[in-house]
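Worksheet: one structure, shown below.
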Amino acid sequence: MESGPWWALVTTWVVVNVVNVAQTVGFASRRRHGMAVNHAVGYLIAALAVPATAALVGQARAGSPWWVGSAVFDAFVVLMLVVDYLRPVQFRNPPRPAVLVPYLVLFFGSIVLMGASMYPANRSLWLVTVATSAALVASMTWALRQGTA
Numbered sequence: 001m002e003s004g005p006w007w008a009l010v011t012t013w014v015v016v017n018v019v020n021v022a023q024t025v026g027f028a029s030r031r032r033h034g035m036a037v038n039h040a041v042g043y044l045i046a047a048l049a050v051p052a053t054a055a056l057v058g059q060a061r062a063g064s065p066w067w068v069g070s071a072v073f074d075a076f077v078v079l080m081l082v083v084d085y086l087r088p089v090q091f092r093n094p095p096r097p098a099v100l101v102p103y104l105v106l107f108f109g110s111i112v113l114m115g116a117s118m119y120p121a122n123r124s125l126w127l128v129t130v131a132t133s134a135a136l137v138a139s140m141t142w143a144l145r146q147g148t149a
């Protein structure tokens with residue numbers, strides 16, 4: 001399977017791993033800082049839509065199907081900006097499935113799709129993404145158990 005130009009693949013890999021690490025810190029900090037760190041992390045994640053979109057264009061122009069991961073990430077960023085920043089909606093606690101389900105599907109869908117793009121190209125780099133994704137899930141699980149997710 002064609003993965004597109006190397007720069008686009010590496011850009012996608014950087015984006016997914018920065019998102020994983022940043023959101024891991026966000027979840028891990030919730031008990032002490034509430035949503036303050038997550039709010040700042042959101043700005044970083046939104047900024048990452050710029051390189052993700054560049055990678056999307058590079059992969060699409062090369063005929064690679066991996067552009068889909070960046071497209072899903074961009075859709076997540078748009079939803080995040082709307083419900084967390086532009087028109088804030090309380091949807092986490094109590095849960096509002098109409099917002100929470102698409103939010104989580106787009107977020108984790110983008111992680112899986114962007115992370116999977118590295119698998120056929122470089123398994124060592126893909127394993128880094130597996131590790132940062134595992135850290136993200138672990139920190140989210142910890143936050144849920146603490147009642148802060």
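Numbering-wise (full-length UniProt numbering), the sequence shown opens with residue 1 and increments by one.
Built from N, CA and C at the ideal position, the CB exists for glycine as well.
Inset, instruction - Could you say which of Ala60, Ala46, Val101 and Leu104 lies nearest to Val78 if we only look at CA atoms? - result: Within the sequence shown, residue 78 is the residue found at index 78, counting from 1. Between Val78 and the set Ala60, Ala46, Val101 and Leu104, the nearest pair of CA atoms involves Ala46.
Inset, instruction - Determine the closest residue to Ala36 out of Ala22, Leu48 and Ser124, with distance taken between C-alpha atoms. - result: Here residue 36 refers to the residue found at position 36 when the sequence shown is read from its first residue. When only C-alpha atoms are compared, the closest one is Ala22.
Legend entry - Beta-carbon gap between Asn20 and Leu136 smaller than 8 Å: Residue 20 sits at position 20 when you count from the first residue of the sequence shown. Residue 136 sits at position 136 when you count from the first residue of the sequence shown. Yes, the pair counts as a contact, with Cβ atoms nearer than the cut-off.
Inset, instruction - Check the C-beta distance from Phe73 over to Ala49 and give it rounded, since I have them as a contact under 8 Å. - result: Position 73 of the sequence shown, counted from the first residue, corresponds to residue 73. Position 49 of the sequence shown, counted from the first residue, corresponds to residue 49. At roughly 7 Å, the Cβ-Cβ gap stays under 8 Å, so Phe73 and Ala49 are in contact.
Legend entry - Option in Arg31, Thr132 and Gln59 with minimal Cα separation from Phe108: Residue numbering aside, residue 108 sits at position 108 when the sequence shown is read from its first letter. Nearest Cα to Phe108 within the set Arg31, Thr132 and Gln59: Thr132.
Inset, instruction - Check whether the Cβ atoms of Met80 and Gly42 sit closer than 8 Å, and answer yes or no. - result: For the purposes of this step, residue 80 is taken as residue 80 along the sequence shown, with counting starting at 1. For the purposes of this step, residue 42 is taken as residue 42 along the sequence shown, with counting starting at 1. Contact: yes.
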